[in-house]
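Q: Every number in the numbering used here is 1 more than the matching position in the sequence shown, counting from 1. Here a beta-carbon is modelled for each residue, glycine too, at the ideal position from N, C-alpha and C. Quick caveat: nothing in here was measured; it's all calculated off a predicted structure. I'd like to ask some things about the structure below.
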Amino acid sequence: MPYERRTEGEHITPAVGEKWGELWDCAWFHVTGRVPESAAGKHVVLLLDFAGEACVFDETGTPVRGLTNVSSEFDKRLGEPGKRVLQFANPAAGGEIVDLWIEAGCNDLFGRYCDEGKIVQLDIAVCDDELRDRYYDLVTVGIFASAVQDETRKEEAANAAISALEALEAGDTGRAGEILSAELSKKNPEDAPEITAIGHAHIDLAWLWPIRETKRKGGRTFATVNELMDRYPDYVFGASQPQLLQWVKDMYPGLYAKIKQRHKEGRFEVQGGLWVECDTNVTGGESLVRQLLYGKRFWREEFGCDQKMLWLPDVFGY
């Protein structure tokens, strides 16, 4: 059901730990509450996990943030998946009203059933910003230590990570910050190559879920990107499939307008010249040319760009 029909259908009132749906079921959740007065002056967030993929909407029916269940069969080598943290007030005054409409699908990232379709978490929480910063500093130094080839630098980074972890375990976040900052401030030689990272979400338009979920994934993904840009001014993201943007334009015009504004700011890149990231193994020349014509036309008419690059990150047959 779209936002304007969110109160239709069967009404249920499950509590945390109770079942709300079977695989591929959909629901609108109306989540209400109040921030305790004791949280005044603190960074308040909401922790939300519906054992599925979800999206928070504003009062105009525009997606503002995607949420993803924490338990998933996603590759754990990339870290624990899940986007359950919703920014709420920083700092909080205490006593704020929580009143959210959240759309959810009872499936994980790969079309699987999770946590028996139960609501996993609905909490108001306080974020310890200093400890959070130290955590990500530690993760960054640890990853660097495992990846760098130079043995001296590897040892330096590993020792810094261990010393910082010991300081954190002793409750000394200040000392941990000093150790990690010293390691992170080290520079490469002037002749070292420079790397620029651009955010990207590779979304299969048809794979392990109904097409209707692909359309909603577009809304969830681009809403999350926009929210991240609000918090991180240097963040740049790139999208590559006009079909996905067309669905967002049709379903979520408010979000689409934000995407176009981010593009004007130079923070939302459009990538590739195809209509979708298409298969190139079983198709023919005529359909490939059509892909290019439709893709280039969309980017030109909607974003004023003449795309001259092919983008095929995860397809078959080169």
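1. Under the three-state reduction of DSSP, which class applies to Val-86: helix, strand or coil?
2. Please return the same chain residues whose Cβ sits closer than 6 Å to the Cβ of Tyr-4, not counting the five positions on each side in sequence.
3. Our contact map puts Gly-106 next to Cys-27 with C-beta atoms below 8 Å; I'd like the distance itself, whole angstroms only.
4. Enumerate in chain order the residues of its own chain whose CB-to-CB distance from Asn-108 is below 8 Å, with the five nearest sequence positions on each side excluded.
5. Quick one, which of Leu-185, Leu-311, Ala-165 has its alpha-carbon nearest Val-290's?
6. Can you list, in chain order, the residues of its chain whose CB lies under 8 Å from that of Ile-212, leaving out five sequence neighbours each side?
7. Helix, strand or coil for Glu-195, going by three-state DSSP, please let me know.
8. Could you pull out every residue in the same chain whose Cβ sits closer than 6 Å to the Cβ of Glu-270, ignoring the five residues on either side in sequence?
9. For a test of the three-state rule: what should DSSP assign to Trp-248, helix, strand or coil?
10. Just the Cα atoms here: how many angstroms apart are His-201 and Gly-18?
11. Between Arg-213 and chain B, is there a C-beta pair that is closer than 8 Å?
12. What residues are listed by DSSP as bridge partners for Arg-35?
13. From the DSSP output, read off the bridge partner residues of Lys-119.
14. For a test of the three-state rule: what should DSSP assign to Thr-225, helix, strand or coil?
15. Distance check for Pro-243 and Gln-308, CA to CA, integer angstroms please.
16. Nearest-angstrom Cα distance between Glu-302 and Gln-88?
17. Determine the direct distance from the alpha carbon of Asn-91 to that of Gly-175, and round the result to whole angstroms.
18. Can the beta-carbon of Val-99 be found less than 8 Å from the beta-carbon of Ala-40?
19. How big is the Cα-Cα spacing for Asn-70 and Cys-56?
20. Go ahead and label Glu-131 buried or exposed: buried means 16 or more other beta carbons lie within 10 angstroms of its beta carbon, across all protein chains shown.
21. Which of the three DSSP states, helix, strand or coil, is assigned to Glu-54?
22. I'd like to confirm the pairing. Which residues does DSSP put opposite Glu-270 in its beta bridges?
23. Looking at Glu-266 and Asp-315, is the spacing between their C-beta atoms short of 8 Å?
24. Quick one: what's Ile-163 bridged to in DSSP?
25. Three or more C-beta pairs under 8 Å: does that hold for the stretch 180–187 against the stretch 216–229?
A: Inspection of the coordinates gives the following:
1. In the structure shown, Val-86 sits in a strand (DSSP, three-state: E or B).
2. Same-chain partners within the cutoff: Phe-58, Gly-62.
3. Your pair Gly-106 and Cys-27 checks out as a contact, with CB atoms roughly 5 Å apart and the cut at 8 Å.
4. If we look at Asn-108 and ignore the five residues flanking it on each side, its Cβ neighbours are Leu-24, Trp-25, Gly-53, Glu-54, Tyr-114, Cys-115, Trp-210, Glu-214.
5. Residue Leu-311 is the option with its Cα nearest to Val-290.
6. Only Leu-206 meet the Cβ criterion.
7. For Glu-195, the secondary structure class from DSSP, reduced to helix, strand or coil, is coil.
8. Excluding positions up to five away in sequence, the list reads Gly-239.
9. Trp-248: helix per DSSP, three-state reduction.
10. Per the coordinates, the alpha-carbon of His-201 lies some 34 Å from the alpha-carbon of Gly-18.
11. Of the chains in the structure shown, none is chain B; there is only one protein chain.
12. In the DSSP assignment, Arg-35 is bridged to Ile-98.
13. Beta-bridge partners of Lys-119 (DSSP): Lys-20.
14. The answer is helix: DSSP assigns Thr-225 an H, G or I state.
15. Each residue's Cα considered, the two are about 12 Å apart.
16. Cα atoms of Glu-302 and Gln-88: separation of roughly 35 Å, rounded to the nearest angstrom.
17. Taking the Cα positions, Gly-175 is about 22 Å away from Asn-91.
18. Not a contact, by the Cβ cut-off of 8 Å.
19. Roughly 11 Å between the two C-alpha positions.
20. By the Cβ-count criterion, Glu-131 is exposed, with fewer than 16 other Cβ atoms from all chains shown falling within 10 Å of its own Cβ.
21. Reduced to three states, the DSSP call for Glu-54 is strand.
22. Note: Glu-270 is bridge-paired with Gly-239 in the DSSP secondary-structure output.
23. No; because the gap between Cβ atoms is not below 8 Å, this pair is not in contact.
24. DSSP output for Ile-163 lists no bridge partner at all.
25. Contact between the stretch 180–187 and the stretch 216–229 is not established, with fewer than three Cβ pairs separated by less than 8 Å.
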